[in-house]
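Heads up: the structure comes next, in structure tokens.
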Amino acid sequence: RKTPEKKDEL
Amino acid sequence: MNIFRLVGDLSHLLAIFVLLLKIWKSRSCAGVSGKSQILFALVFITRYLDLFTNFISVYNSLMKVIFIASTVATVYLMYIKFKATYDSNHDTFRIEFLVVPVGGLAFLVNHDFTPLEILWTFSIYLESVAILPQLFMISKTGEAETITSHYLFALGSYRALYLLNWIYRYYFEGYFDLIAVVAGCVQTILYCDFFYLYITKVMWGKKLSLPA
């Protein structure tokens, strides 16, 4: 399970 | 984008506009904690610095701009335009007791030791506790206007919906952000007492008042 580099949430 | 996140974002947006409209229409910010609003402004400004560094979507950028602008507008209305109606003697929570430890924690526990990432982490931690001055104010005065409790309900629901979104994303996208999830749980737990009062009182047409 990874933490995405790009934050797409608000 | 899933339904939980979308409804969560809309709930967040609704909360901010309910508060702005309440202040604007009544020409008064009585019962609203200016300190919580300053913290939320700080949350949005430190989190959305990535507006300039990476583009996700028009929706994402637009929401970020709206969140920053509307919260700064709320702070402006409270501290400048309708300053005379601001209930400062009931808004006595010491925000340095939140900002300083949260800042320290953001330095120590983050995904990556870079300025933007530390500020993002700070913002996530700070958001989880930013409502405390408002809840403290309500506990001091023992009551809240109905419109203020609608604001709090929408604001609290937003993070609870995000928790569902993270469960969904974990199963269907393999997405998992421990920092956001832990902070989101803390944030939602802080609202539990309020949710209980909202459901047992405000939804039945009664004013939110605390038992003596």
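Each protein sequence line maps, in turn, to chains A and B.
The opening position of the first sequence corresponds to residue 7 in our numbering, with each subsequent residue numbered one higher.
The opening position of the second sequence corresponds to residue 151 in our numbering, with each subsequent residue numbered one higher.
Each residue gets a CB set at the ideal place from its N, CA and C atoms; glycine is no exception.
- Rounded to the nearest whole angstrom, the CA to CA distance from Leu170 (chain B) to Gly184 (chain B) is 12 Å.
- Burial state of Val252 (chain B) is buried, judged by a 10 Å Cβ sphere holding 16 or more other Cβ atoms.
- The secondary-structure analysis by DSSP pairs Ser359 (chain B) across a beta bridge with B:Glu293.
- Secondary structure at Tyr236 (chain B): coil, using DSSP grouped into helix, strand and coil.
- For Val168 (chain B) against Tyr348 (chain B), the beta-carbon gap comes to about 14 Å, at or over 8 Å, which does not count as contact.
- Taking a contact to require three or more Cβ pairs closer than 8 Å, the stretch 171 to 191 of chain B and the stretch 274 to 288 of chain B qualify as touching.
- Between Leu358 (chain B) and Val352 (chain B) a beta carbon distance of about 5 Å is seen, short of the 8 Å cut, so the two are scored as contacting.
- Residues Asn260 and His261 of the same chain have their beta carbon placed closer than 8 Å to that of Glu267 (chain B), with the five preceding and five following residues left out of the count.
- The alpha carbon of Asp200 (chain B) has as its nearest neighbour, out of B:Ala219, B:Phe190 and B:Pro265, the alpha carbon of B:Pro265.
- At least one CB atom of chain A sits nearer than 8 Å to the CB of Arg155 (chain B).
- Put simply, of B:Gly355, B:Ser307, B:Asp327 and B:Val331 the residue whose alpha carbon is nearest the alpha carbon of Leu163 (chain B) is B:Ser307.
- Below 8 Å, enough C-beta pairs join the stretch 175 to 182 of chain B and the stretch 230 to 248 of chain B to call them touching: three or more.
- In this structure, the beta-carbon distance from Arg197 (chain B) to Ser273 (chain B) falls below 8 Å.
- In the same chain as Ile195 (chain B), and ignoring 5 residues on each side of it, the C-beta atoms closer than 7 Å to its own belong to Ile218, in chain order.
- For Lys231 (chain B), no CB of chain A lies under 8 Å from its own CB, so it is not counted at the interface with that chain.
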